[in-house]
Amino acid sequence: MKHNLDMDPLLRQALSPKEEPNDQLNRNILWKAKETEEMNKKYFKRIPATAIIAAAVLLVGSVSTVAAWRYLTPEKVAEVLEDEGLIKAFQSKDAILVNESQEYGNYKITLLGVVSGKNLTQYLSADETGNLREDRTYVVTAIENADGTPRPAISEESYLEESFFVSPLIEGLDPNRYNSVTMNGGYSETVQNGVQYRITEVDNVEIFADRPLYLSVNSGTFYDSQAYQFDAASGKITRNEEYEGINALFALPLDASKADPDAAGAYIQKLEKELFSEDEEGDADVSDGADDGSSVLERHNWTEEELEKNAVLLEDLTQVLQPDAQGNYSYSYEIGEDGVGSSGTLSLDVLFEDGQTGMSDHKFVIGGEEGQAAYIETYTLNEDKTITLKVYQCKDAA
Amino acid sequence: MDVRQLEQCIQEYGKDIYAFCSQLTRNRQEAEELYQDTFLKAVEMREKIDSGKNPRSYLASIALRIWKNRKRKYAWRSRIARTEELTEENMPHTACAQELSPEESVLQKELQAQVRAAVANLEERYRIPVYLYYTLQLPIGQIGKILRLPQGTVKSRLHKARKLLKQELEVVLDET
Chain A
134 MKHNLDMDPL
144 LRQALSPKEE
154 PNDQLNRNIL
164 WKAKETEEMN
174 KKYFKRIPAT
184 AIIAAAVLLV
194 GSVSTVAAWR
204 YLTPEKVAEV
214 LEDEGLIKAF
224 QSKDAILVNE
234 SQEYGNYKIT
244 LLGVVSGKNL
254 TQYLSADETG
264 NLREDRTYVV
274 TAIENADGTP
284 RPAISEESYL
294 EESFFVSPLI
304 EGLDPNRYNS
314 VTMNGGYSET
324 VQNGVQYRIT
334 EVDNVEIFAD
344 RPLYLSVNSG
354 TFYDSQAYQF
364 DAASGKITRN
374 EEYEGINALF
384 ALPLDASKAD
394 PDAAGAYIQK
404 LEKELFSEDE
414 EGDADVSDGA
424 DDGSSVLERH
434 NWTEEELEKN
444 AVLLEDLTQV
454 LQPDAQGNYS
464 YSYEIGEDGV
474 GSSGTLSLDV
484 LFEDGQTGMS
494 DHKFVIGGEE
504 GQAAYIETYT
514 LNEDKTITLK
524 VYQCKDAA
Chain B
182 MDVRQLEQCI
192 QEYGKDIYAF
202 CSQLTRNRQE
212 AEELYQDTFL
222 KAVEMREKID
232 SGKNPRSYLA
242 SIALRIWKNR
252 KRKYAWRSRI
262 ARTEELTEEN
272 MPHTACAQEL
282 SPEESVLQKE
292 LQAQVRAAVA
302 NLEERYRIPV
312 YLYYTLQLPI
322 GQIGKILRLP
332 QGTVKSRLHK
342 ARKLLKQELE
352 VVLDET
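Protein chains in written order, with our numbering: chain A, 134 to 531; chain B, 182 to 357.
Quick look at the structure:
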């Protein structure tokens, strides 16, 4: 028996959604979204509960261990946070100890040290595809009240009242776009002896060490573009002296010999693609896809004269389409054996303005893939409400 | 999108996006993961979903991007663990129209199952536009934006897909 299938309704029936996602799955999504929203508000990397207990113990008994240095050393901060890997990293020759302070308003901020490298911690985070973020930079800072009163312990409610955003910044790259959030950052924090210590981690910025790097600490939970000025021409980042709040800016003294311009270039390209191309992709008119080199947009805009000049009318394919009961116009055609063809349903209100006759401004470029010729479909509204469909073959792709 | 908008989007588009995720992955566990991550990514991106933006199309583009990124991971997982595959037996079937006789109903189910299987076997360049067009019922222009292809190319791929499916299904039906 020979079947003559009408594929359109068959595909609609077979592929229409039939199964609801189960309620538990939807509840999980909402729960996770709420949790993520809360975490984003705080830009807060959870400290393991064991580390918090350890911090409480140290609060009582560790005063003598910090007497030699006013602050906990970076290695000691890692120890409080029970990060064996970072303890070793900050003991290594790759660690850079700084111990430089700046005071703004009621706060004194101290940059204690920095270390970079692969697999330095057992607490590696993963990206959205499950790959571990292995190559990272870790910066240790201390924040204290300038008047000498202790910072609230992390168990106190007032701990969350004042937030700080700590981020490495890179000269030449707009800090609005390149900061701890966009560079996959996170942090761990503890309060010891009234001083708030934070280990901030981001993707390894050592690859940029052939240019000046900075460490910014500003008020709030995200990078504040009011706190700093970026000179796009020189690439320099400076403090905004008028800013009312904390806007510390340290030089981050990384080892210039570790710079890797190729890796840096690739990183910028990757980040730009991942983070900043969404809008452009979503909203841009499509100008690629037909791979014969000439612009698809250009062809869409060809006038009748340009069509006559640059393309050949395939007269055999010209059709006069009659409207169906709903006022739509259906058509279908094939060109040769290579599978190029088109079918569809046209609607007057999409193709033509009210009262318009003649050729529609809407044209479709068909084919043009993998060495195929490119074709242009045009639609002309006739006075008797029929539509003439014409197909042209582009000369340059023929 | 915030959590409140998320809830609305799940209610309104959850079924469609879930179907799309199932078709892309053909595996229940992966479909659920992809579905979940699509909505969470939409929240994370914090892009405002307004009337000017087709949320179904926006969510489909996120799902497609995540799926493409993960294909290698899924391929690796499928080598180390058997996961429940969406076969024709456990795939949901269309509720048959009441006027169909039991025999017609069975035949229709079979035909639809064959259509789904034939679509699943299409090359990706034809299969994805088919899902976007027939499952999510997106207009050609939106599909072009999602796939970053000119509208004409989307049209010709749909046309080619229909032609290939017709050839495939007519052979199958002739043999039955």
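We put the CB at the ideal spot given by N, CA and C, even for glycine.
Handout entry: Chain-ordered neighbours of THR316 of chain B on chain A, where CB pairs are closer than 8 angstroms
Key = LEU148, SER149 and PRO150
Practice task
Take ASN278 of chain A as the anchor and find which of A:GLN329, A:LYS496, A:LEU265 and A:LEU479 has the nearest alpha-carbon.
Solution key: A:GLN329
Practice task
For chain B, find out if any of its Cβ atoms is closer than 8 angstroms to the Cβ of LEU138 of chain A; answer yes or no.
Solution key: yes
Handout entry: Distance CB(LEU245 of chain A)-CB(PRO207 of chain A) smaller than 8 angstroms
Key = yes
Handout entry: Cβ-based neighbour list, SER311 of chain B, same chain, cut-off 6 angstroms, excluding 5 preceding and 5 following
Key = Per the sequence shown, the amino acid found at residue 311 of chain B is Val instead of Ser. Counting only Cβ-Cβ distances below 6 angstroms, and skipping sequence neighbours, we find VAL300 and ALA342.
Problem - Simplified DSSP state of GLY322 of chain B, which is helix, strand or coil - result: helix
Practice task
Note down, in chain order, each residue of its chain lying with its Cβ closer than 6 angstroms to the Cβ of VAL335 of chain B, except the 5 sequence neighbours on either side.
Solution key: PRO310, ILE321, ILE324 and GLY325
Exercise for the section: May I ask you to verify whether the region 353-368 of chain A touches the region 333-341 of chain A, counting CB pairs closer than 8 angstroms and requiring at least 3? Expected result: no
Exercise for the section: Could you tell me which chain A residues have their CB closer than 8 angstroms to the CB of LEU221 of chain B, listed as they occur along the chain? Expected result: ILE162, LYS165, ALA166 and THR169
Handout entry: Residues that LYS249 of chain B contacts on chain A, provided the C-beta gap is smaller than 9 angstroms
Key = None at all; the shortest Cβ gap to chain A is about 10 angstroms.
Problem - Below-8 angstroms beta-carbon distance, SER427 of chain A vs any chain B residue - result: In this predicted model, SER427 of chain A has a pLDDT of only 40, less than 50, meaning its place in the structure is not dependable; the value taken from the coordinates is given anyway. Chain B contact via Cβ: absent.
Problem - Backbone secondary structure at GLY305 of chain A - three-state DSSP - result: coil
Practice task
Determine whether the Cβ of GLN332 of chain B lies closer than 8 angstroms to any Cβ atom of chain A.
Solution key: yes
Exercise for the section: Please name the residue in B:PHE201, B:TYR194 and B:GLU193 whose C-alpha comes closest to that of LEU148 of chain A. Expected result: B:PHE201
Practice task
Kindly say whether VAL184 of chain B, judged by its beta-carbon, lies nearer than 8 angstroms to any beta-carbon of chain A.
Solution key: yes
Exercise for the section: Measure the alpha-carbon distance for ARG308 of chain B versus ARG344 of chain A and round it to whole angstroms. Expected result: 48 angstroms
Practice task
Let me know the secondary structure DSSP gives ILE287 of chain A once reduced to three states.
Solution key: coil
Practice task
Evaluate contact between the region 446-464 of chain A and the region 478-487 of chain A, counting only Cβ atoms and requiring at least three cross-stretch pairs below 8 angstroms.
Solution key: yes
Practice task
With a 10 Å radius around its C-beta and 16 neighbouring C-beta atoms as the bar for buried, classify LEU265 of chain A as buried or exposed.
Solution key: exposed
Practice task
Please classify ARG237 of chain B: is it buried, with 16 or more other beta-carbons within 10 angstroms of its beta-carbon, or exposed?
Solution key: buried
Handout entry: Sequence-distant residues of the same chain with beta carbon closer than 8 angstroms to ASP216 of chain A, five excluded per side
Key = THR254, GLN255, TYR256, SER321 and ILE332
Practice task
Might you give, ordered along the chain, the residues of its own chain that have their beta carbon closer than 6 angstroms to the beta carbon of PRO283 of chain A, omitting 5 neighbours on each side?
Solution key: GLY327
Practice task
Say whether chain B places a C-beta atom closer than 8 angstroms to the C-beta of PHE355 of chain A.
Solution key: no
Handout entry: 8 angstroms Cβ cutoff met for GLY198 of chain B and LYS222 of chain B
Key = It should be pointed out that residue 198 of chain B corresponds to Ile in this sequence rather than to Gly. The answer is no: Cβ separation not under 8 angstroms.
Practice task
Kindly list, in the order they appear in chain A, the residues whose Cβ is closer than 7 angstroms to that of SER337 of chain B.
Solution key: VAL473, GLY474, SER475, ILE499 and GLY500
Practice task
Establish whether the CB of GLU305 of chain B and some CB of chain A are separated by less than 8 angstroms.
Solution key: no
Handout entry: Through-space distance from LYS226 of chain A to ILE191 of chain B, alpha-carbon basis
Key = 52 angstroms
Exercise for the section: Output yes if chain B places a C-beta closer than 8 angstroms to the C-beta of ASP144 of chain A; else output no. Expected result: Note that residue 144 of chain A is Leu in the sequence shown here, rather than Asp. Yes, LEU144 of chain A counts as interfacial toward chain B.
Problem - Cα-Cα separation between SER390 of chain A and SER367 of chain A, rounded to whole angstroms - result: 23 angstroms
Exercise for the section: Please report how far the alpha carbon of ASP395 of chain A lies from the alpha carbon of LYS406 of chain A, in whole angstroms. Expected result: 17 angstroms
Practice task
Round the Cβ separation of LEU387 of chain A and VAL247 of chain A to the nearest angstrom and send it over; I've been treating them as touching at under 8 angstroms.
Solution key: 7 angstroms
Problem - Length of the line joining the Cα atoms of ASN250 of chain B and ILE243 of chain B - result: 11 angstroms
Practice task
Thinking PRO301 of chain A and VAL272 of chain A are a contact (beta carbons under 8 angstroms), I'd like their distance in whole angstroms, please.
Solution key: 6 angstroms
Problem - Expected contact under 8 angstroms - CB spacing of THR519 of chain A and VAL453 of chain A to nearest Å - result: 5 angstroms
Practice task
Look up THR219 of chain B in the DSSP assignment and say whether it is helix, strand or coil.
Solution key: helix
Problem - Outcome for ASP218 of chain B when other beta-carbon atoms lying within 10 angstroms are tallied against a minimum of 16 - result: buried
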